[in-house]
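Novice:
Protein chains in written order, with our numbering: chain E, 77 to 189; chain X, 3 to 115.
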């Protein structure tokens, strides 16, 4: 029973398209995150939500819009995809802000062609 | 500005020997540290953590050491096993409630049989 699940796992799409990645956690955590791992393998935080409220919004183009319909879900919508958006996107969750262990999903491999 | 650094991109160790992975940080506000292990095509999985009130934490074959004055932590794996071959990330977080974990760039460990 996967704790943090995200779909799709692989996504190949053309430049200019709009796509969404969905994430759900069944751990009862109050905080969810989106991280991006780029070609240099650097894991960088994009967004953080606590109890459905946006807490962290790093320097991310506004083509990226997270949406949290409830505490257990945090979806990532990307408009007008660009080649540079190709990366692995990881959803994660934790309890207690930055004091708890953060649990990751398996990642969504996005390739923009 | 890389606040968490893992200066060794890769490390090879013989099976049965000790693996030592290092991590340095620059932000003195960090007070909670974690290590993650990542296999290809999977999300990072939690290994071990340490709070700044301690200088050592042990869990089975894994021990994390924290040197606050040097802003340095290390992960020791003894004895190393081929299944330990993976990329290891260290992560740091600051004052409770900031909802932000900063990750290092990872060290690829290869344990040779």
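In this text, a Cβ means the ideal position worked out from N, Cα and C, and glycines have one as well.
1) Under a CB-based cut-off of 8 Å, is residue 190 of chain E close to chain X?
2) Just list the residues that DSSP pairs residue 100 of chain E with in beta bridges.
3) To which residues does DSSP link residue 106 of chain E through a beta bridge?
4) Give a yes or no on contact between the region 26-37 of chain X and the region 166-173 of chain E, applying the rule of three or more CB pairs nearer than 8 Å.
5) Can you check whether the C-beta of residue 28 of chain X is within less than 8 Å of a C-beta belonging to chain E?
6) Tell me which residue opens and which closes the beta strand (DSSP E) that residue 24 of chain X is part of.
7) Helix or strand or just coil, what does DSSP make of residue 63 of chain X?
8) With distances taken Cα to Cα, identify the nearest neighbour of residue 144 of chain E among E:128, E:83 and E:84.
9) What residue range does the beta strand (DSSP E) around residue 170 of chain E cover?
10) Buried or exposed, going by whether 16 or more other CB atoms sit within 10 Å of the CB of residue 101 of chain E?
Specialist: According to the structure shown:
1) Since the first residue shown for chain E is 77 and the last is 189, residue 190 of chain E is missing from the structure and cannot be characterised.
2) Residue mapping note: residue 100 of chain E aligns to position 24 of the first chain, counting from 1. Looking at the DSSP assignment, residue 100 of chain E forms a beta bridge with E:81 and E:149.
3) The residue given as residue 106 of chain E occupies position 30 in the first chain. Answer by DSSP bridge pairing: none, since residue 106 of chain E is not bridged.
4) no
5) If you number the second chain from 1, residue 28 of chain X lands on position 26. No, residue 28 of chain X lies away from the interface with chain E (no Cβ there is under 8 Å from its Cβ).
6) Position 22 of the second chain, counting from 1, holds the residue named residue 24 of chain X. Per DSSP, residue 24 of chain X belongs to the beta strand (DSSP E) from 21-27.
7) Position 61 of the second chain, counting from 1, holds the residue named residue 63 of chain X. Coil at residue 63 of chain X, not helix or strand.
8) Taking the first residue of the first chain as 1, we reach residue 144 of chain E at position 68. The option with the nearest alpha carbon to residue 144 of chain E is E:128.
9) Against the first chain, residue 170 of chain E aligns to sequence position 94. Its beta strand (DSSP E) spans residues 163-170.
10) On the first chain, position 25 is the one that residue 101 of chain E refers to. By the 10 Å Cβ count, residue 101 of chain E comes out buried.
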